[in-house]
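A short write-up of the structure that comes next.
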Ligand code: CA
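Residue numbers (this note's numbering): 112 to 335.
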């Protein structure tokens, strides 16, 4: 499976058509036909991408997009029935990743979905279960809550989380997170790790994301 796509669309035939095409491309698909429960559903089910119609009963797509952006950087493609609306939407900076206008060919939608997912996986955002790291803002959230990381802590966590299971020794960590050649002792790395763990534990006490590997260094293991 290539990932879970949430289709939010109140026209049942259109939703079914999109689902067929996406499934044929090996995506798993869920459909919601109104806006008000979407954010909660996303929180619970963590889709890999959302196709979000704008005109929806319950809560419109723009509001839904804003709701989701409070806690998640999941890629969102907005679907509008009016081509002239796209300019306005861009100006609103809703945080959507792409826009598609109706009527569209399902093939085009699948191509856009693939492109947006590729971009998202290109290192802009790191996701490991409920941990989301946004490279643009240096913001990391766990279960939608801001970890409040410093730049060094962010870089440290990004390095480890981008390579789950791989052990880094302190020297490698130093070289990767400090660009300049200033001397940083092993204890500095250890103290950053300690602070990072404390911030993670504040949000989820049982979460052990960063593991010590005795006499070697550290590694990241996603939550199970
Ligand atoms: Ca609609």
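For glycine and all other residues, C-beta sits at the position ideal for the given N, C-alpha and C.
Just so it is clear, the structure is predicted and the values come from calculations on it, not from any experiment.
Looking only at its own chain, which residues have a Cβ that is under 6 Å from the Cβ of residue i, when we skip the five neighbours before and after it?
i           : result
residue 155 : none
residue 126 : 118, 120 and 142
residue 207 : 176, 187 and 189
residue 300 : 281 and 284
residue 255 : 182
Compare the beta carbon distance of residue i and residue j with 8 Å and say whether it is the shorter of the two.
i           : j           : result
residue 191 : residue 161 : no
residue 96  : residue 200 : There is simply no residue 96 to check, as the chain begins at 112 and stops at 335 in what is shown.
residue 211 : residue 220 : yes
residue 181 : residue 187 : no
residue 173 : residue 128 : no
residue 276 : residue 332 : yes
residue 307 : residue 288 : no
What residues are listed by DSSP as bridge partners for residue i?
i           : result
residue 139 : 115
residue 322 : 330
residue 163 : 119 and 189
residue 269 : Note: residue 269 sits in no beta bridge, so no partner.
residue 279 : 329
residue 211 : 190
residue 256 : 253
What's the gap between the Cα of residue i and the Cα of residue j?
i           : j           : result
residue 253 : residue 246 : 15 Å
residue 231 : residue 298 : 35 Å
residue 327 : residue 279 : 8 Å
residue 195 : residue 241 : 36 Å
residue 313 : residue 112 : 34 Å
residue 296 : residue 157 : 39 Å
residue 64  : residue 189 : Nothing can be reported for residue 64, as the shown portion of the chain is limited to 112 through 335.
residue 286 : residue 144 : 50 Å
residue 260 : residue 218 : 41 Å
residue 138 : residue 159 : 10 Å
Residues in its own chain within less than 7 Å of residue i by CB, not counting five upstream and five downstream?
i           : result
residue 311 : 253, 258, 318 and 320
residue 140 : 116, 118, 130, 133 and 134
residue 193 : none
residue 338 : As shown, the chain starts at 112 and ends at 335. That puts residue 338 outside it, with no answer to give.
Which same chain residues, not among the five before or five after residue i, have their C-beta less than 8 Å away from its C-beta?
i           : result
residue 262 : 249
Query raised in the report: On the three-pair Cβ rule with 8 Å, is the stretch 258-268 touching the stretch 215-233?
Result: no
Query raised in the report: Does the count of Cβ pairs from the stretch 165-178 and the stretch 142-150 closer than 8 Å reach three?
Result: yes
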